[in-house]
Each structure stands twice: as structure tokens, then as C-alpha cells.
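Residue numbers (this note's numbering): 578 to 1056.
All residues carry an ideal CB built from backbone N, CA and C; glycine is no exception.
Fair warning: this is a prediction, and the values are worked out from it, not measured in the lab.
Notes follow once the structure below has been shown.
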């Protein structure tokens, strides 16, 4: 059978580090970085005789995430011990949640080529992160850094509703933006704040039975996740087509070779020997507590998208792409407060700013200038101080050296020429030097006008007021 005769079935387990100031069961700081083993204490190092105390903020953030993803919130929940041995897990068990998670039965909607699709969320539960192994580059061993041990996580487990790598990317980006909007996680994938375990299986189209799944662990970049899905699904198809059977196992994705490698047989729940943590009491949540969090939820991406289309009159496509990033969405809103011109701000974000971010491989949070400066730039266009083409040059300068756009145009002599006498002189000179284009225009070739205006802009180094140029050319040509 051909590859197109198979269907990919995927579910994701997304781990997101919460932006609390302290760890889940102790008062150690959670900030990223720091010298190894400086953000830890006897509790997160699992010293004998220490006892965990649950950080209430972790519960609040998890409930917030559950409400933002349309989950039901459990009124009674508990913590469990998930037993497994690994060098960076000092207790040899992880405090997590097994059969009574905080949040269940949610969903988020994504956009696909076929339209809107709802991806079901099975559960969201809280747990502690493990430490980190730093491998010696000379092969002399590995060092354990426990700074990350005990940092609070939520794990968001989807149903196996995803059918393509494009759907996976759309789901992850939507989930990331929701978590950013509600401010429970910074979602910095490069720092491990957001990472995903991707469960992949394949089956023949039309089949109701799921195939055997493999799980690719701890992936923290969109590019790697999409490459890994393509490789692993093709690998499984090749195994089946050659008469073999796919084995259920945990895999490691190697970005350099572009292949997956077996780590261990995939564990099931019984392998972890879950049991309730005897040192932690049950989590009881009241309706009042939930309603208070719900009433204070910020505006979410879908709501903002709809408002931009209605209030700012932006296209659906532009609204969806901008609201996918909380930072870009905030940049738009704050710039509009300065200039009251949402369309021009949106155009800058969709074209020049996005292009620059892609070329430099930067995240929106790394834009060096402020929304105030972007709004001031748009005001300069609206006042006729600079042309749109000059504004693009100013924006490029703002990326290289962020400063007030007024200073940039003064320093470079980019103030737009709006003096009628000066512009008329340029128009007459261009007409005298381009007799063929003048005759073409008079013969009905309207494109000739654009060429003449372009020559005038070139002569003034883009500084002439384009509206005045058009008007004066028409006056002269139609005499």
C-alpha cells in the first residue's frame, strides 16, 4: 500500500512550567538559570525527614488553565506518587496526579484547511519537574543540577484527535497562546518552559482500530516536533509494509541525524505503581473559588480576534495571526492607543515586522522597540511628515537601534517634501526627461503614470509626498 493509504493518529502530552515565584512544594525560586544546585533546598533535594507543602498558586494557575481550555474543574483532587528511578529525580518518585486530576474533559478549537476542528483535552494535572543532567562533553560522566527539581508543571493531555503535523502545530500554537494570555507560563520553549511528548501511531484509512503508538519524549521546538512526526509516521508505515509490527516504546528524537532512537519500552500506568502521597492532604475546591478565577480571566485569543474584526475592521486572517501571539496582540493595541490607526499598525506587523522576525529567527518578545515608538511612527505617516516607503526605512533602523522615530528621520534627513513649489519643479523635470512615458499615458496607458511617479520618488530619494506627486502629474499630463 502507498503512504497516502495510511492515516496518522496523534495525541500530545504538553508540559508547561508555571510562572510561580517559588517551587511547587518548597520556597526555592523558580527562575531560569543560576549556578547549578543554587536554587534547591533539603525538600527539593529529597533529604530524609523533609515534608512537602503544596503551593496554592500552583492550584490557582492550573484551574485558570483548565477554565481557559473549557475543562470541568474537580471539586476534590489529590496528589499521587509516580514511582520511577532516574538520576535527576532525587526522591526516585515524582509527585503528580493519577486518577483524580484537577481538570478534565476540555477542548480547544483550531483552524484547519477543512475549517474549525475541536481537539479534546482529556485532563490537566499538576506535578513537579525533575532536575537536569548535564553531560560532560569529553565523556567523563554526567552532572546533576537540581535547580529545576520541584518547579511546578501542568501536564495537558489531549485525546488522540490530531491527524496531521499541520494540526499538531496549530494545536500547540493555540495552546501556547492561551497559556501566555492567562499569564500562567512564559512558554519559552528554548528554556524548556513548554515541551511536548508526542504519541504517534498509524492505521489504514477507514480502520476503526488504533495502531500501536510510540511516544517521542521532551520535544521543545515546533520545527523538531514537525520533523519528528514526519519521520516517525513514515518509519511505522515502512515497518508495517515490510511485514513487521510496531513496538510500543519511548523514543528520543535526534535533531542532527533526523531520526528517532529507542529509549525504553513505553510504560503503562501500572509500571509507575501510583499511590496517594501520604504527606499531602486532598485538594478541596469550592464553587466560589472557581467562579472567582473565572470572573478574572483575561480576554482570550478567540475573543480578541473577533473584536479586532468588528472594532478595528481587520481581516480575519490578519486578526488570527496577530492574536496568536499575546506579545504582538498587545503591541498592536498599545500602538493603536498612540496613533488610532489599527490598519496601518496591523500592516506593519503582518509585513515588515514579521519578515524581520523570520529573517533574524527572533521571537516577538525580542522586538527591540516599544509599542509607543511604533505608534509614533504611524502618526508621522498620517501627518505627512514621512512617506510609507521612508517609514519602512525608519522601522528597519528601529530594529537595529531602537530610538524615537523623530530622531531617526531628523538624523537621516528623511522628512517628507510637501512644498508645492519644490514638488512641481521635480514633476516638470521628470516629464521633460521621459517623453516616451508622457506619450504612453496620453495614448491610454495608465501604467505610465506609476512609472513617472516612481522616477520622481527616485529623484527625491523617496522623500516627496506621493499624494501631491500624483495630483501634480495628473494636472500636468491632462493640460
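Could you check which residue in 702, 929 and 584 has the C-alpha nearest to that of residue 573?
It is not possible to answer for residue 573, since the shown part of the chain is limited to 578 through 1056.
Does DSSP put residue 766 in a helix, a strand or coil?
The residue you call residue 766 lines up with position 189 of the chain shown. It is helical.
Helix, strand or coil: how does DSSP classify residue 735 here?
Here residue 735 refers to the residue found at position 158 of the chain shown. The answer is strand: DSSP assigns residue 735 an E or B state.
Please specify which runs of the beta strand (DSSP E), each continuous and at least 3 residues long, are wholly inside the region 627-668, giving them in chain order.
Counting whole runs of 3 or more residues, the region 627-668 contains the beta strand (DSSP E) stretches 657-660.
In chain order, which beta strand (DSSP E) runs of at least 3 residues are fully inside the region 669-716?
Counting only runs that start and end inside the region 669-716, the beta strand (DSSP E) elements of at least 3 residues fall at 670-673, 680-689, 692-705 and 709-712.
For residue 886, the first and last residue of its enclosing beta strand (DSSP E):
Your numbering for residue 886 matches position 309 in the chain shown. Going by DSSP, residue 886 is part of no beta strand (DSSP E) but of the alpha helix (DSSP H) stretching over 878-888.
With DSSP collapsed to three states, give me the class of residue 773.
Translated into positions along the chain shown, residue 773 becomes position 196. The answer is strand: DSSP assigns residue 773 an E or B state.
Please classify residue 649 as buried or exposed, where buried requires at least 16 neighbouring CB atoms within 10 angstroms.
Here the question's residue 649 lines up with position 72 in the chain shown. Counting the other CB atoms within 10 Å of its CB gives residue 649 a total below 16, which places it among the exposed residues.
What residue does the beta strand (DSSP E) around residue 589 start on, and which one ends it?
Position 12 of the chain shown, counted from the first residue, corresponds to residue 589. Run containing residue 589: 583-594, per the beta strand (DSSP E) assignment.
Using 8 Å for Cβ pairs, my map puts residue 774 next to residue 792. What's the rounded Cβ distance?
Taking the chain shown and counting its residues from 1, the one referred to as residue 774 is at position 197. Taking the chain shown and counting its residues from 1, the one referred to as residue 792 is at position 215. Correct: roughly 5 Å between the Cβ atoms.
How many Å lie between residue 886 and residue 955 at the Cα?
By 1-based counting over the chain shown, the position of residue 886 is 309. By 1-based counting over the chain shown, the position of residue 955 is 378. Straight across, the Cα-Cα distance linking residue 886 with residue 955 is about 20 Å.
Alpha carbon to alpha carbon, how far is residue 811 from residue 1045? Give it in angstroms, no decimals.
Here residue 1045 corresponds to residue number 468 of the chain shown, with the count starting at 1. Here residue 811 corresponds to residue number 234 of the chain shown, with the count starting at 1. Those two C-alpha atoms are separated by around 60 Å.
Using three-state DSSP, classify residue 928 as helix, strand or coil.
The residue you call residue 928 lines up with position 351 of the chain shown. It is helical.
When you compare each of 692, 698, 684 and 730 to residue 706 by their alpha carbons, which one comes out closest?
Residue mapping note: residue 706 aligns to position 129 of the chain shown, counting from 1. For the set 692, 698, 684 and 730, the Cα lying nearest the Cα of residue 706 is the one of 730.
Going by Cα to Cα distance, which pick from 839, 772, 804 and 831 is closest to residue 790?
As a working mapping, residue 790 is identified with position 213 in the chain shown. The shortest C-alpha separation from residue 790 is found at 839.
Just how far apart, CA to CA, sit residue 1079 and residue 857?
Lying outside 578 to 1056, the shown extent of the chain, residue 1079 is not represented and no answer is given.
Residue environment, residue 1060, which counts as buried when at least 16 other CB atoms sit within 10 Å:
Residue 1060 cannot be examined here, being either before or after the span of the chain that is shown, 578 to 1056.
Backbone CA spacing between residue 813 and residue 581 [nearest angstrom]:
Translated into the one-based positions of the chain shown, residue 813 becomes position 236. Translated into the one-based positions of the chain shown, residue 581 becomes position 4. For residue 813 and residue 581, the distance between alpha carbons rounds to 13 Å.
Quick one: using the 10 Å Cβ neighbour count with 16 as the cut-off for buried, is residue 624 buried or exposed?
Reading the chain shown from its first residue, position 47 is the one you call residue 624. Residue 624 is exposed by the Cβ-count criterion.
Assuming residue 895 is part of the alpha helix (DSSP H), what are its boundary residues?
Position 318 of the chain shown holds residue 895. Segment 893-900, the alpha helix (DSSP H) holding residue 895.
If I follow the unbroken beta strand (DSSP E) through residue 1006, where does it start and stop?
Stepping through the chain shown from its first residue, residue 1006 is reached at position 429. Note, residue 1006: premise wrong, no beta strand (DSSP E); alpha helix (DSSP H) at 997-1010.
Count the other CB atoms, across all protein chains shown, that sit within 10 Å of the CB of residue 945; report buried if there are 16 or more and exposed otherwise.
Within the chain shown, numbered from 1, the residue matching residue 945 stands at position 368. The residue in question, residue 945, is exposed, as its Cβ has fewer than 16 Cβ neighbours within 10 Å.
Among 667, 1040, 739 and 786, which one has its Cα closest to the Cα of residue 963?
Sequence index remark: in the chain shown, residue 963 carries index 386 (1-based). In terms of Cα proximity to residue 963, the closest of 667, 1040, 739 and 786 is 1040.
Once you ignore the five residues that flank residue 634 on each side, which residues in its own chain have a CB closer than 6 Å to its CB?
As a first step, residue 634 must be located in the chain shown, where it is residue number 57. Short of 6 Å from the beta carbon of residue 634, and not among the five residues preceding or following it, lie these beta carbons of its own chain, in chain order: 597.
Closer than 7 Å by C-beta to residue 682: which residues in its own chain qualify, once you throw out the five before and the five after it? Chain order, please.
Stepping through the chain shown from its first residue, residue 682 is reached at position 105. Result list for residue 682: 648 and 649, in chain order.
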